[in-house]
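Q: The following block contains the structure, expressed as structure tokens.
Below, the structure written as structure tokens:
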């Protein structure tokens, strides 16, 4: 993952306590997150740095300890970590309305841009247009390779978790499809219970959210009900809209370990059945790296170009809401129970194993379809190496690497 944005800001003012922080308005939350949605480049890790600088250090909505606890919760659960942190911050500041305002404002700019690209992408023709699209696919190789490298160091730092990651990668490479990915995550969690208990520790006292237990139970029940019921609805009705919602909801429900992990899950849901062409898929993923805001807005592009469902703007909005919904339901559902649950060593060990497994799943996706679809010869391989070095060694912002990759693709197409 990219970390070009600073994770620390200027010297902090004296920390504010939760009791001392006054509640804000929905409009205040919306404007704060709209600013972040327009300016937060660099991926989930960088987003967390922007959030801290703007909302902890400058606005002092919560203190650093509380912020760290919210980040820990978002990383423990499936879903888009930065969006879940933003949702939680909005809830703390202005209740349920603030949570929704934070989500909409942070997501809207990049979602609108991704849908716009989906609508005009088919108009890109000729050697230059084809070169741009090929260059974007090469950028995807570099970005996913960077994500695998960074996540492996964080989520698979010891022999036990490295072994889980390798096993998951082998399973997904040899047995393609979403079933293998789900099986790898489940197996990783079970192995984590056995192998990873000594690798995780309690993180101390936590943050209390004003969410009643009954609301938490309802959200968790709805999460499970949709996960089970949507496939049945899609199968019995044959509805393209139901199938689209089911595919993106299931992908959003299984994204452990970071936003980049959505790539193999979505590939299994939309490319394997032929809803989206592999070239379109990787080109859109390359463009998503240049967008501010959450990487999950890639789903809006896929819904807009999908041959299943309404397509266009409507398809993009449906896919976008479906991929975000499970993570937000889980976050809200777990909030009332988080402090007790997080202290269970078994829960922490299982999640350590599951997170190691997703490193392997992403590594498998780096091979197929990312590398096999984008690197077609020595020139594209060289361009991928250059983009990878720019991201990792030179810390060049991803949007600049996207421009370089697109330009390199044009040069390769013309020579």
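In my numbering, the protein residues as written are 26 to 440.
The C-beta atom is built at its ideal place from N, Cα and C for all residues, glycine as well.
I want to check one thing, is the minimum distance from the CB of residue 278 to the heavy atoms of the ligand NAP below 6 Å?
A: Among the components modelled here there is no ligand, and therefore nothing to report on the ligand NAP.
Q: Just to confirm before moving on: does the CB-CB distance between residue 139 and residue 417 stay below 7 Å?
A: Within the chain shown, residue 139 is the residue found at index 114, counting from 1. Within the chain shown, residue 417 is the residue found at index 392, counting from 1. The answer is no: Cβ separation not under 7 Å.
Q: Considering only residues of the same chain and omitting the five flanking positions on each side of residue 415, which have a CB-CB separation below 6 Å?
A: Start at 1 with the first residue of the chain shown, and residue 415 comes out as number 390. For residue 415, where only same-chain residues beyond five positions count, the Cβ hits under 6 Å are 421, 426.
Q: My parser needs the alpha helix (DSSP H) runs of 4 or more residues fully inside the region 288-351; what are they?
A: Listed in chain order, they are 303-313, 323-330.
Q: Please confirm if the region 347-359 is in contact with the region 331-339, defined as three or more CB-CB distances below 8 Å between the two stretches.
A: Taking 8 Å as the limit for Cβ pairs, the verdict is that the region 331-339 does not touch the region 347-359.
Q: The alpha helix (DSSP H) spanning residue 244 covers which residue range?
A: Within the chain shown, the letter at position 219 stands for residue 244. First-last of the alpha helix (DSSP H) with residue 244: 238-262.
Q: With distances taken from CA atoms, which of 110, 121, 124 is nearest residue 77?
A: The sequence position of residue 77 within the chain shown is 52, counting from 1. Closest by alpha carbon: 110.
Q: Taking the alpha-carbon positions, what's the residue 46 to residue 85 distance?
A: Position 21 of the chain shown, counted from the start, is the residue given in the question as residue 46. Position 60 of the chain shown, counted from the start, is the residue given in the question as residue 85. Caution is warranted here: a pLDDT of 44 is assigned to residue 46, below 50, making its placement in the model unreliable, and the coordinate value is therefore given only provisionally. Spanning the two alpha carbons is a distance of roughly 8 Å.
Q: Tell me which residues share the same chain as residue 163 and place their Cβ nearer than 6 Å to its Cβ, disregarding the 5 neighbours each side in the sequence.
A: Start at 1 with the first residue of the chain shown, and residue 163 comes out as number 138. 399, 405, 408, 409, 430.
Q: What is the DSSP secondary structure of residue 200, counted as helix, strand or coil?
A: Position 175 of the chain shown, counting from 1, holds the residue named residue 200. Residue 200: coil per DSSP, three-state reduction.
Q: Along the alpha helix (DSSP H) that carries residue 52, what are the first and last residues, could you check?
A: Mapped onto the chain shown, residue 52 falls at position 27. Note, residue 52: alpha helix (DSSP H), 51-64.
Q: Kindly indicate the opening and closing residues of the alpha helix (DSSP H) around residue 223.
A: On the chain shown, residue 223 is found 198 positions in, with the first residue counted as 1. It is not in any alpha helix (DSSP H) - residue 223 carries neither H nor E in the DSSP assignment.
Q: Are the beta-carbon atoms of residue 374 and residue 217 separated by less than 7 Å?
A: One-based indexing of the chain shown puts residue 374 at position 349. One-based indexing of the chain shown puts residue 217 at position 192. Cβ atoms of residue 374 and residue 217: closer than 7 Å.
Q: So the candidates are 178, 179, 213, 182; which of them puts its Cα closest to the Cα of residue 194?
A: One-based indexing of the chain shown puts residue 194 at position 169. Of the listed residues, the one whose Cα sits closest to residue 194 is 213.
Q: Consult DSSP for residue 86 and reduce its assignment to one of helix, strand or coil.
A: Counting from one through the chain shown, the residue named residue 86 turns up at place 61. Residue state, collapsed to three classes: coil.
Q: Report back the beta-carbon spacing between residue 95 and residue 113 to the nearest angstrom; my notes put them in contact at under 8 Å.
A: Residue mapping note: residue 95 aligns to position 70 of the chain shown, counting from 1. Residue mapping note: residue 113 aligns to position 88 of the chain shown, counting from 1. Rounded, the Cβ-Cβ distance is 5 Å, consistent with contact.
Q: Throw me the rounded Cβ distance for the residue 3 and residue 286 pair, which I believe falls under 8 Å.
A: Only positions 26 to 440 of the chain appear in this structure, which leaves residue 3 out of reach.
Q: Given that a residue counts as buried once 16 or more other Cβ atoms are within 10 Å of its Cβ, and exposed if not, what is residue 89?
A: The residue you call residue 89 lines up with position 64 of the chain shown. Under this definition residue 89 is an exposed residue.
Q: Which stretch, first to last residue, makes up the alpha helix (DSSP H) that contains residue 163?
A: Translated into the one-based positions of the chain shown, residue 163 becomes position 138. Run containing residue 163: 151-180, per the alpha helix (DSSP H) assignment.
Q: Taking residue 59 and residue 137 to be in contact with their CB atoms under 8 Å, please state how far apart those CB atoms are, rounded to whole angstroms.
A: On the chain shown, position 34 is the one that residue 59 refers to. On the chain shown, position 112 is the one that residue 137 refers to. Not really, about 12 Å apart at Cβ, beyond 8 Å.
Q: Take the Cβ of residue 239 as the centre, count every other Cβ of all protein chains shown within 10 Å, and call the residue buried at 16 or more, exposed below.
A: What you label residue 239 is simply residue 214 of the chain shown in a count that begins at 1. Flag for residue 239 reads exposed.
Q: Thinking C-beta only, is residue 288 closer than 7 Å to residue 390?
A: In the chain shown, residue 390 corresponds to position 365, counting from 1. In the chain shown, residue 288 corresponds to position 263, counting from 1. Cβ atoms of residue 390 and residue 288: closer than 7 Å.
Q: Tell me whether the beta-carbon of residue 190 lies closer than 7 Å to the beta-carbon of residue 385.
A: The count along the chain shown starts at 1 and reaches residue 190 at position 165. The count along the chain shown starts at 1 and reaches residue 385 at position 360. Yes.
Q: Are there 16 or more other CB atoms within 10 angstroms of the CB of residue 436, so buried, or fewer, so exposed?
A: By 1-based counting over the chain shown, the position of residue 436 is 411. Exposed, by the Cβ-count rule.
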